[in-house]
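Peer 1:
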Amino acid sequence: MNIFRLFGDLSHLAAIIILLLKIWKSRSCAGISGKSQILFAIVFTTRYLDLLTSFISLYNTSMKMIYIGCSYATVYLIYAKFRATYDGNHDSFRVEFLIVPVGGLAVLINHDFSLLEILWTFSIYLESVAILPQLFMISKTGEAETITTHYLFCQGLYRALYLINWIWRFYFEGFFDMIAIVAGVVQTILYCDFFYLYVTKVLKGKKLSLPA
Amino acid sequence: DDDDFRKDEL
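So the sequence lines, in the order shown, correspond to chains B and E. In my numbering, each residue's number is its place in the first sequence (first place is 1) plus 2. In my numbering, each residue's number is its place in the second sequence (first place is 1) plus 1332.
Written out as structure tokens, the structure reads:
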């Protein structure tokens, strides 16, 4: 494993835990898109079905289980425990506009036409756009709490580090996976606008608010 | 093989 991959995983883990702790400590999920979190839970579930069929390493298995467990815990906090604080009116992105085309694409463009492979491909495509309901929510309300922006930054950083990891693996191991790379590039691009706002506002101590 | 490489990633 190279350093970019490791820090990518850790950044991903940080994002997930930041969000979970934010909701838990503030007893509120205001400003958080429950729809994005459901999409991430679907992403982890469909991608990590190989937990049942193959063992790679202790690191691999434990990280997968932590990601799945945390994502379901987050969904539980939003839709059950702190449901009263959930801002459903602003979380109005139509997820079927993501799931249906992504599902179709996974059936059409995959490495192998088998159930597990199509679900893996589906999870890769879905992950690349799963943050859209959250970004849509921020664009609707025009602002985000600082801790929410840290969450988004770690999510975007994770993707950017994975891209570097793939460049590394291509040069040193001759390995590349076109499906993962294209989806990863798309996903990273979605964060670019946010990265700009994060650097120019949040890191200078200002709250992230969009011009009206 | 390539499949193992891919499944190794999260």
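C-beta atoms are modelled at their ideal positions from N, C-alpha and C, and glycine is treated no differently.
(1) Using a Cβ-Cβ cut-off of less than 9 Å, give me the residues of the segment 66 to 78 of chain B that come near chain E, in sequence order.
(2) Run through DSSP, which three-state label would Ser13(B) get?
(3) Near Ile149(B), which residues of its chain fall below 6 Å by C-beta distance, leaving aside the five closest residues on each side in sequence?
(4) Expressed to the nearest angstrom, what Euclidean distance is found between the alpha-carbon atoms of Leu159(B) and His92(B)?
(5) Let me see if you follow: with CB-CB separation under 8 Å, is Asn91(B) close to chain E or not?
(6) Would you mind sorting Ala86(B) into buried or exposed? The rule is 16 or more other CB atoms within 10 Å of its CB.
(7) Look at the Cβ atom of Tyr88(B), then the Cβ atom of Ile101(B), and state whether they are nearer than 8 Å.
(8) Ends of the alpha helix (DSSP H) at Thr48(B)?
(9) Closest to Ala43(B) by C-alpha separation, out of Leu21(B), Asp179(B), Leu8(B) and Tyr69(B), would be which residue?
(10) Please list, in chain order, all residues of the same chain as Ile133(B) whose beta carbon is under 8 Å from its beta carbon, the five residues on each side excluded.
(11) Hey, how far is the Cα of Asp179(B) from the Cα of Arg1338(E)?
(12) How far does the alpha helix (DSSP H) with Glu1341(E) in it reach, from first residue to last?
(13) Kindly indicate if chain E contains any beta-carbon less than 8 Å away from that of Asn4(B).
(14) In the DSSP assignment, the alpha helix (DSSP H) including Arg161(B) goes from what residue to what residue?
Peer 2: Judging by the given coordinates:
(1) Lys66 and Tyr69
(2) helix
(3) Lys24
(4) 26 Å
(5) no
(6) exposed
(7) no
(8) Gly36 to Arg49
(9) Tyr69(B)
(10) Ser38, Leu154, Gln157, Gln189, Leu192 and Tyr193
(11) 8 Å
(12) Careful: Glu1341(E) lies outside any alpha helix (DSSP H) and carries neither H nor E.
(13) no
(14) Thr148 to Glu175
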